[in-house]
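So the sequence shown is numbered by this note's numbering: it starts at -5 and just counts up by one.
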Amino acid sequence: MTLAAVILAAGQGTRLKSSLPKVLHRLGGQPLVRHALAAAQAVTGVPPVLVVGHGAEAVRAELGEAAQYVAQSEQLGTGHAVLQAAPLLRGRCTEVLVTYGDMPLLRVETLRALVQAQHFNPGPLSLLTIDAPQLRDFGRVVRDGFGKVRAIVEAAQATPEEQTITERNAGAYCFNADWLWAHLPRLPLSPKGEYYLTDIVALAAAEGGEIGTVATADEAEVTGINTRAQLAQAEAALRARINARWMAEGVTLIDPATTYIEPAVSLGRDTVIWPNTYLQGETVVGAGCVLGPNTILRDTTLGDECQVECSVLEGAWLGRGVEVGPFAHLRQGARLEDGVHMGNFGEVKNSTLGPGVKMGHFSYIGDATIGADVNIGAGTITCNFDGARKHKTVIGAGVFIGSDTMLVAPVHLGAGARTGAGSVVTKDVPPDSLAVGVPARVIRKLKAQE
Ligand code: UD1
Ligand code: MG
């Protein structure tokens, strides 16, 4: 059996009232459709076929190789949309999974169950259903007296009697591929002037084909995003799902309602997260860390037992037992090795702080390499930018930098050197030497043991 996936994403999403195509609206930090793509790819193992229409160029640009694309130039309905994938897939697969790109919370396990159901179904398709009378706009699953599925009737076309059917069409299907390609061109035109994929169910039933069903009980899974209100609900549902998973894995969330963990983040045991904390992108947090309150970690890696309070870390790497904050900003390429202490109102960019470095207050360190156990006095600045180019600062192990020192890069301070408070260092300072003044001059040699 070879399985392919087709995801429909050509619709405009009029009700979002947006210049952005619906499927590019973000959920959990990702474009909506990425969730559908990831779930389908987890089941099939290959990039799904994405049917694009409205905003096709923007969708392609955003998603790149995560999908194979086919265009639906006119939105003539979900059945017509699937048909656009036929030239690409016909003869290349035995089963086709079809989902809608605006159902971001559909689970991989549910899709697997659907594929499994079709695997054992002698008939041409299986579909996902939910018993949910509150989902008023969903298609009704019509069964006969023997419980066999006969048709799906769209809400707008349902008779008063059909309206009362509580079993609804969730919008995920697994088809026998050859049967699908043969029957899509036979779909009737709906009263709305569209070719509904759902009408294929009646075609199958009329031929006597067995229609498999898999039911989900999780309404969040089947929620399609049509409005901004639904987008916010989906965000809350996704957050609750992710937070429940990490609590089950041994992470303490003081207040899950205000803890925002994106899907790709990973967390170690016994880490404690205080409110208003955002863990985004490819962030990795070790065990026994304490994060927040009011903290953002974006594409950042933390070793075990780190503490980060009221701070923003972006593209940073922290070793073990590092303390950051309150009110620190780590930017791209900040690397704080084991036991670094970085206190309030500091910024570090594209720099390594060696093990045990102390940087307590009000400093900017950019484009620098700082050795072990250096003490960075309050208000120290690496003057790394001359207006045209960036320059490096290199500081050896055990250096003591006096408060308010300006390090005018490029500059090198040898191991064990010291600078006096308020000095402006424009020339290299040899190891074990004291430099003071503006511009700084070496006034004496220090004993190495001092
Ligand atoms: C659809 C189902 C309905 C089901 C519901 C679940 C049909 C006819 N109806 O209704 O039974 O209960 O989903 O949410 O399928 N799309 C295209 N091209 C088109 C039309 C739609 O790519 O020409 C895409 C849309 O972008 C969207 C998806 O197909 O991602 C579903 O379309 P939508 O209009 O939202 O269908 P519903 O009315 O919600
Ligand atoms: Mg919909």
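Heads up, the beta-carbon is just placed ideally off N, CA and C, and yes, glycines get one too.
On the CB-based measure, 16 or more other CB atoms within 10 Å of its CB, does residue i come out buried or exposed?
i: G396; result: buried
i: D193; result: buried
i: A429; result: buried
i: F394; result: buried
i: S345; result: buried
i: S417; result: buried
i: T160; result: exposed
i: E444; result: With a pLDDT of only 47 at E444, under the threshold of 50, the placement of this residue in the model should not be trusted; the figure read from the coordinates follows. When all chains shown are included, E444 counts as exposed.
i: D96; result: buried
i: E317; result: buried
I'd like to confirm something about residue i: is its beta-carbon nearer than 8 Å to some heavy atom of the ligand MG, or not?
i: G165; result: yes
i: Y94; result: yes
i: G73; result: no
i: G133; result: no
i: G218; result: yes
Does any heavy atom of the ligand UD1 sit closer than 8 Å to the C-beta of residue i?
i: V17; result: yes
i: Y190; result: yes
i: M241; result: no
i: L2; result: yes
i: M400; result: no
i: I159; result: no
i: I146; result: yes
i: V279; result: no
i: L70; result: yes
i: Q66; result: yes
i: V45; result: yes
i: R162; result: yes
i: G187; result: no
i: M353; result: no
i: G7; result: yes
Return the first residue and the last residue of the alpha helix (DSSP H) that residue i is part of.
i: I236; result: 222 to 242
i: Q35; result: 26 to 38
i: H467; result: A question about residue 467 goes unanswered here, because the residues of the chain that appear run from -5 up to 444.
i: L57; result: 50 to 57
i: V316; result: Segment: none, V316 is in no alpha helix (DSSP H) and carries neither H nor E.
i: L82; result: 80 to 83
i: L77; result: 72 to 77
i: E213; result: 213 to 216
Would you give the residue range spanned by the beta strand (DSSP E) that residue i belongs to?
i: T294; result: Unbroken run through T294: none, as it is neither H nor E.
i: G89; result: In the sequence on display, residue 89 carries Glu and not Gly. 89 to 94 is the extent of the beta strand (DSSP E) around E89.
i: H335; result: 335 to 338
i: D209; result: Per the sequence shown, the amino acid found at residue 209 is Ala instead of Asp. 205 to 210 is the span of the beta strand (DSSP E), which, as asked, contains A209.
i: H406; result: 405 to 407
i: R329; result: 328 to 330
i: M400; result: 400 to 402
i: E308; result: 306 to 308
i: T277; result: Here T277 belongs to no beta strand (DSSP E), and DSSP marks it neither H nor E.
Does any CB atom of chain D fall closer than 9 Å to the CB of residue i?
i: A150; result: You won't find chain D in this structure, because it holds only one protein chain.
(request) Just list the beta strand (DSSP E) runs in the region 344 to 377, keeping only unbroken ones of 3 residues or longer that don't cross its boundaries, in chain order. (result) Fully enclosed beta strand (DSSP E) runs of 3 or longer: 345 to 347, 352 to 355, 358 to 360, 362 to 364, 375 to 377.
(message) Threshold first: 4 residues or longer. Then list the alpha helix (DSSP H) segments lying entirely within the region 118 to 200, N to C.
(response) Taking only runs of at least 4 residues, the alpha helix (DSSP H) segments lying wholly in the region 118 to 200 are 154 to 157, 171 to 177, 194 to 200.
(message) Which runs of the beta strand (DSSP E) at least 3 residues long sit entirely within the region 412 to 438? Give them in chain order.
(response) If we require 3 residues or more, the beta strand (DSSP E) runs fully inside the region 412 to 438 come out as 427 to 430.
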